[in-house]
Amino acid sequence: MILDTGHPVIHFDRIDSTNLEARRLADQGECGPFWLWADEQTGGRGRLGRNWVSEPGNLYATFLFPISEGPNAAAQVSFVAALAVHDTVMRLRPGLSPRIKWPNDVLIGGAKFCGVLPEVVGSAPTRIAIGCGVNIAHAPQGTPYPVTALGADLAVDSVLRELDANLARRLKLWDEGRGFPAIRQAWGERALGLGGQVTAAAGTKQVAGTFKGLAADGALILEESGGTLIHIHAGEVSFAELEALRRKIQ
Ligand code: BTN
């Protein structure tokens, strides 16, 4: 299958993980750009070492592509991908009000329906794999956070087509980092909790303060009450605005 952007799609009925397949292909010298799309994954991988339940009916796809910039630019791709998912929901389900939770979760009413896993899978040239899992027909049970799905009336391939078009547009805007200010601006307009209270783990201690925005390396900037700025690079972050939303849906 070839998408409107000209990106080819390699389809699998079943695979361990489309991100792992992207890495294997990169190891063999493949650069992309192309999509790997599976109806089902037996070893779907999520952020923070979690697994990603991958039964048929949802979208499991990875976009592999080369960049001429080094791996630092790759950290920004997370935000580009989250924007593309946000655009996709706005097109397919215009009545919903999706919001982005740092770094790249996209939520509807505080519930997660999509996960993005960007990874650097090759060097010289740097190759990036952006794995996207979108709940369409099912919202898996047993997750440590509330989940939802877009609805089984949407065809999985139509979500992939829309996502591909939006990702191509956002990657063009990003321009391998030269357009990051525009990405940061668009991301901030859709982000949950910006300007509000946030708590996070910084090393071994827990820090709390105001969510001030994104650093160029993708870190979340937290301002403590004394004015100290702390950059959070990874881990679980709790946003007061999101906690309030989740209390409403529980
Ligand atoms: C997250 O935990 O939020 C990220 C989940 C990413 C899941 C997708 S599904 C397609 C691709 N293949 C994987 O193994 N993971 C990603």
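Heads up: the sequence shown begins at 1276 in the numbering used here, then just goes up one per residue. From the three backbone atoms N, C-alpha and C, an ideal C-beta is built for every residue, glycine too. Quantities reported herein were computed from a predicted structural model and do not represent experimental measurements.
Three-state secondary structure (DSSP) at residue i?
| i | result |
| --- | --- |
| His1282 | coil |
| Thr1293 | helix |
| Asn1441 | helix |
| Arg1374 | strand |
| Glu1516 | helix |
| Pro1341 | strand |
| Ile1496 | strand |
| Ile1277 | strand |
| Asp1288 | coil |
| Arg1320 | strand |
| Gln1416 | coil |
| Leu1467 | coil |
| Gly1452 | helix |
| Ile1505 | strand |
| Asp1362 | helix |
| Arg1402 | strand |
| Gly1380 | Strictly speaking, residue 1380 in this sequence is Asp, with Gly absent from that position. Reduced to three states, the DSSP call for Asp1380 is strand. |
| Leu1392 | strand |
| Leu1334 | strand |
Am I right that residue i and residue j are in contact with their C-beta atoms under 8 Å? What's the rounded C-beta distance?
| i | j | result |
| --- | --- | --- |
| Pro1415 | Val1409 | That belief does not hold up - the Cβ atoms of Pro1415 and Val1409 are roughly 12 Å apart, past 8 Å. |
| Thr1479 | Ile1405 | Between Ile1405 and Thr1479 the Cβ distance is about 31 Å, and since that is not below 8 Å, they are no contact. |
| Thr1485 | Glu1498 | 5 Å |
| Arg1320 | Ser1292 | 5 Å |
| Val1395 | Ala1349 | 5 Å |
| Gly1385 | Leu1520 | 3 Å |
| Leu1295 | Arg1374 | That belief does not hold up - the Cβ atoms of Leu1295 and Arg1374 are roughly 30 Å apart, past 8 Å. |
| Pro1400 | Pro1341 | 4 Å |
| Trp1312 | His1282 | Not a contact, Cβ separation roughly 11 Å. |
| Asp1279 | Arg1436 | 7 Å |
| Ala1297 | Leu1339 | 4 Å |
| Gln1472 | Ala1515 | 4 Å |
Apply the 10 Å Cβ neighbour rule to residue i and answer buried if 16 or more other Cβ atoms are within range, or exposed otherwise.
| i | result |
| --- | --- |
| Asn1441 | buried |
| Ile1507 | buried |
| Ala1475 | buried |
| Tyr1420 | exposed |
| Ser1353 | buried |
| Pro1369 | exposed |
| Ile1277 | exposed |
| Gln1351 | buried |
| Lys1447 | exposed |
| Gly1390 | buried |
| Pro1393 | buried |
| Gly1502 | exposed |
| Ser1329 | buried |
| Gln1316 | buried |
| Asp1302 | exposed |
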